[in-house]
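Trainee: Respectively, the protein sequence lines represent chains G and R. Per the numbering used here, the first sequence runs over residues 5 to 348. Per the numbering used here, the second sequence runs over residues 5 to 348. Input: one structure, supplied below.
2 protein chains.
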Amino acid sequence: MSSLSSVSLGEHPESLTGTMSPDVVLSAQARIAPHVHRTPLMSCQLLNDWLGHELVFKVECFQRAGAFKIRGALNAMLQLKEEGRLPKHIVAFSSGNHAQAVALAGTMLGVKTTVIMPKFVSKLKQQATRSYGAELILTDTRMEAEELAAEKQAQGAWLLHPSADDMVIAGQGTACLEALQDAQQPDAVFATCGGGGLLSGTWLATKLLTPDVQVFGAEPVMANDATQSYRSGKIFSFTESPMTIADGARTLHVSELTMQYLRRLAGFYEVEERDIIYWTQWLTHLLKVNVEPTAAVAMGAAYQWLRTQTEKKRALVILSGGNIGTATYQQIWKENYLDHIPAL
Amino acid sequence: MSSLSSVSLGEHPESLTGTMSPDVVLSAQARIAPHVHRTPLMSCQLLNDWLGHELVFKVECFQRAGAFKIRGALNAMLQLKEEGRLPKHIVAFSSGNHAQAVALAGTMLGVKTTVIMPKFVSKLKQQATRSYGAELILTDTRMEAEELAAEKQAQGAWLLHPSADDMVIAGQGTACLEALQDAQQPDAVFATCGGGGLLSGTWLATKLLTPDVQVFGAEPVMANDATQSYRSGKIFSFTESPMTIADGARTLHVSELTMQYLRRLAGFYEVEERDIIYWTQWLTHLLKVNVEPTAAVAMGAAYQWLRTQTEKKRALVILSGGNIGTATYQQIWKENYLDHIPAL
Chain G
5 MSSLSSVSLG EHPESLTGTM SPDVVLSAQA RIAPHVHRTP LMSCQLLNDW LGHELVFKVE
65 CFQRAGAFKI RGALNAMLQL KEEGRLPKHI VAFSSGNHAQ AVALAGTMLG VKTTVIMPKF
125 VSKLKQQATR SYGAELILTD TRMEAEELAA EKQAQGAWLL HPSADDMVIA GQGTACLEAL
185 QDAQQPDAVF ATCGGGGLLS GTWLATKLLT PDVQVFGAEP VMANDATQSY RSGKIFSFTE
245 SPMTIADGAR TLHVSELTMQ YLRRLAGFYE VEERDIIYWT QWLTHLLKVN VEPTAAVAMG
305 AAYQWLRTQT EKKRALVILS GGNIGTATYQ QIWKENYLDH IPAL
Chain R
5 MSSLSSVSLG EHPESLTGTM SPDVVLSAQA RIAPHVHRTP LMSCQLLNDW LGHELVFKVE
65 CFQRAGAFKI RGALNAMLQL KEEGRLPKHI VAFSSGNHAQ AVALAGTMLG VKTTVIMPKF
125 VSKLKQQATR SYGAELILTD TRMEAEELAA EKQAQGAWLL HPSADDMVIA GQGTACLEAL
185 QDAQQPDAVF ATCGGGGLLS GTWLATKLLT PDVQVFGAEP VMANDATQSY RSGKIFSFTE
245 SPMTIADGAR TLHVSELTMQ YLRRLAGFYE VEERDIIYWT QWLTHLLKVN VEPTAAVAMG
305 AAYQWLRTQT EKKRALVILS GGNIGTATYQ QIWKENYLDH IPAL
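Next up, the structure:
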């Protein structure tokens, strides 16, 4: 298990400059609810007994296209449509789940979509993006994908950013909002940080319904750009995608927009690769659902937080998705961690 | 894909000698419903589109202890209790899921349980059986496990057979019964054959609610004892456990009791190991749930049947469970089949 690596900066609830009103998450929910699944909450008595705490999981692998990302993409497109400015062509760059979400949402609303992704993304995600209806362009690196997307934007396409977009952030917040509506109030909420959209929306959802609940970000140690940014107050950027097994966290940096929310979180936890794999194995085994490593990062963070608690706590963990390619499965199951029962 | 290998013998609905009235499944449902999960039905639009048919899955990996087996074990113990003859000590031999079910049901009813299993069963299943509360004894072979269980029985313990037991058969039938109550009527139902308990109960459930629906058995080619028995009318037995990846089908033979039901099925399909792995990968990917190879055998059979159909059909596939050890995961994901989209 990793040692504790939380960074504790205080929240600043009084200075919300630059952030949206939490109500936007409620509007997003009303907008997208007819088109997305209200995903289940799951828990595991055995795991709770082992850890002496209560863990509640929001299982977004059962969301349409297999991840929470459709919430943000659909909220953006539906809002643009409401405002009479739905674009004819939407372009996106993405390491996977956002790509599929944009492709699916575009098909649902009859909008042409082009997705640009680095070629190291699994063939399965490439294939899925195509079969949901997008034109797919592969680049050598993540940075090239971002650059090409900007070019397309300059040529007139609407660039739907995976996280640096108010409408996307509001949409991603509906996952946590549903969980807070359906479950008993948790003491803390955990979500993995890629570009920060899910975490920003999650923070907004808690401010709306349960303002005292702490929200923590989770990152792989080797992809800890947001943690570094949180610590220093300045956005840190990688120059190359960190090749963590948690492919949803391979983003180079968070955005100015999401940073406005991330700096208000209760803290960040960094999770070692072996712990990411450990929790991927155990959550798969205990919940019987596909848990992608990116989702397991949030559990690794919750585990670190629970170790610091002296009283019984309830933690809500947003499991971001369940899209896993064969090469990743091979990495996940290369070693056996199921002989080591979780304990604090 | 395997070539068609169905064995078609006619049903003999008029000669039910030796079989129970289908009502027993309804009684079993009333008895166990407060204690087991009503597991979900799942389907996948993409898969249906690809195959041009409708597939409905009864997802028993979400059942207590991760498989359908708790239904039979609990029905037997609750019925014995109703009749005032709940034994003080129950013994079972099992390759895995029945063991966990007996252990859990015993703990629920306060009965001491001893489980005897061959040592090749995954450590995870051994550990689970212990943690559900059973005493565990390991033997070198499956046959030794059966012999030791018979010894314990001679010494006064109640032997709860995994399939050759009317009460167990009635309990296993409740999985299909729930599915028939919850879904539109299928044209055919598919279940994997280990000892034949699930299939026997499934046949009873269809006779009760949808007597025209065909029930097919599914077996790995390399563990095709029931298919051979069905074909010849005489029970065929292996002398050693066939080491198919579908560990729930490693039984040596069906019993005289289950044979009474199996001979009335519409046919058996045999599934090659690579096809079992193919469907394990694809069902895991599409449904986002843990599908153990034993469960995927039934999908392999449904696929073979669908290939023979000229009109659009609805197939109900009972996915028996989701308990998978690390070594089996490694076998499942050793090669990549997700580049080959299912098609008829």
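Just so it is clear, CB atoms sit at the ideal spot from N, CA and C, and this is done for glycine as well. Predicted model only: the values in this text are computed from it and were never measured.
Would you say the stretch 335-344 of chain G touches the stretch 278-297 of chain G, given that touching needs at least three Cβ pairs under 8 angstroms?
Mentor: Flag = yes, the stretch 335-344 of chain G and the stretch 278-297 of chain G touch.
Trainee: Among residues of its own chain, excluding the 5 on either side of D27/R, which ones have a beta-carbon nearer than 6 angstroms to its beta-carbon?
Mentor: No residues qualify anywhere along the chain.
Trainee: I'd like to know whether the C-beta atoms of L323/G and C48/G end up nearer to each other than 8 angstroms.
Mentor: For L323/G and C48/G, no; Cβs fall outside 8 angstroms.
Trainee: Would you list, in sequence order, the uninterrupted beta strand (DSSP E) runs of no fewer than 3 residues that lie entirely inside the stretch 280-348 of chain R?
Mentor: Whole beta strand (DSSP E) segments, 3+ residues: 318-323.
Trainee: To the nearest angstrom, how far is the alpha carbon of Y333/R from that of W162/G?
Mentor: Each residue's alpha carbon lies about 42 angstroms from the other.
Trainee: Tell me which residues share the same chain as L45/G and place their Cβ nearer than 8 angstroms to its Cβ, disregarding the 5 neighbours each side in the sequence.
Mentor: Cβ within range, chain order: V60, F61, K62, V63, A183, D186, A187.
Trainee: In chain G, what lies closer than 7 angstroms to C65/R by C-beta?
Mentor: Those are K292, listed as they occur along chain G.
Trainee: For the stretch 105-128 of chain R, list every residue whose C-beta sits within 7 angstroms of some C-beta in chain G, in sequence order.
Mentor: For the stretch 105-128 of chain R, which is checked against every Cβ of chain G, the residues closer than 7 angstroms are K127, L128.
Trainee: Since Y273/G is in the beta strand (DSSP E), which residue starts that stretch and which ends it?
Mentor: Start and end: 271-275.
Trainee: Taking only beta-carbon positions, decide if Y333/R is within less than 8 angstroms of chain G.
Mentor: Taking Cβ atoms only, chain G reaches closer than 8 angstroms to Y333/R, which makes this a yes.
Trainee: Strictly under 8 angstroms for the Cβ-Cβ distance: is T330/R near chain G by that measure?
Mentor: Interface residue, yes.
Trainee: Given A149/G, which residues of its chain have a CB within under 7 angstroms of its CB, disregarding the five upstream and five downstream residues?
Mentor: Closer than 7 angstroms at the Cβ level, and outside the excluded window around A149/G, lie F97, I120, M121, P122, T143.
Trainee: Counting only Cβ pairs nearer than 9 angstroms, list the residues of chain R close to L45/G.
Mentor: Chain R residues near L45/G: none, gap ~14 angstroms exceeds 9 angstroms.
Trainee: Opposite V141/R in the DSSP bridges: which residues?
Mentor: Note that residue 141/R is Ile in the sequence shown, not Val. For I141/R, which the question treats as bridged, DSSP gives the partners I120/R.
Trainee: In chain R, which residues lie less than 7 angstroms from G326/G when you measure between Cβ atoms?
Mentor: By Cβ distance, chain R contributes K292.
Trainee: Excluding the 5 residues preceding and the 5 following L51/G in the sequence, name in chain order all residues of the same chain whose CB lies nearer than 8 angstroms to its CB.
Mentor: The answer, listed in chain order, is L59, W286, L290, P346.
Trainee: Name the two residues that bound the continuous alpha helix (DSSP H) containing K73/R.
Mentor: Taken as a continuous stretch (DSSP letters only), the alpha helix (DSSP H) holding K73/R covers 73-86.
Trainee: Looking only at C-alpha atoms, which of A192/G, V301/G, R235/G sits nearest to E223/G?
Mentor: Nearest of A192/G, V301/G, R235/G to E223/G, Cα basis: V301/G.
Trainee: Hey, out of T248/R, A69/R, A270/R, whose CA is closest to K129/R's CA?
Mentor: Nearest of T248/R, A69/R, A270/R to K129/R, Cα basis: A69/R.
Trainee: Please report how far the alpha carbon of H165/R lies from the alpha carbon of M171/R, in whole angstroms.
Mentor: C-alpha separation (whole angstroms): 10 angstroms.
Trainee: Using 8 angstroms as the Cβ pair cut-off and three pairs as the minimum, do the stretch 251-261 of chain R and the stretch 24-38 of chain R touch?
Mentor: Counting Cβ pairs under 8 angstroms, fewer than three are found: no touch.
Trainee: Residues of the stretch 278-308 of chain G with a CB closer than 8 angstroms to any CB of chain R: list them in chain order, please.
Mentor: Within the stretch 278-308 of chain G, the residues whose Cβ lies closer than 8 angstroms to some Cβ of chain R are Q285, T288, H289, K292, V293, N294, listed in chain order.
Trainee: Is the Cβ-Cβ distance between V95/R and Q157/R less than 8 angstroms?
Mentor: In this structure, Q157/R lies closer than 8 angstroms to V95/R by Cβ.
Trainee: Along the stretch 48-64 of chain G, where does the CB come closer than 7 angstroms to a CB of chain R? Name the residues.
Mentor: Residues passing the 7 angstroms Cβ filter: none.
Trainee: Buried or exposed: H41/G, going by 16 or more other Cβ atoms within 10 Å of its Cβ?
Mentor: Classification for H41/G: exposed.
Trainee: Could you check where the beta strand (DSSP E) with R196/G kicks off and where it finishes?
Mentor: The sequence shown places Thr at residue 196/G, rather than the Arg named in the question. Element bounds for T196/G: 192-196.
Trainee: Consult DSSP for K156/R and reduce its assignment to one of helix, strand or coil.
Mentor: Note: K156/R maps to helix in three-state DSSP.
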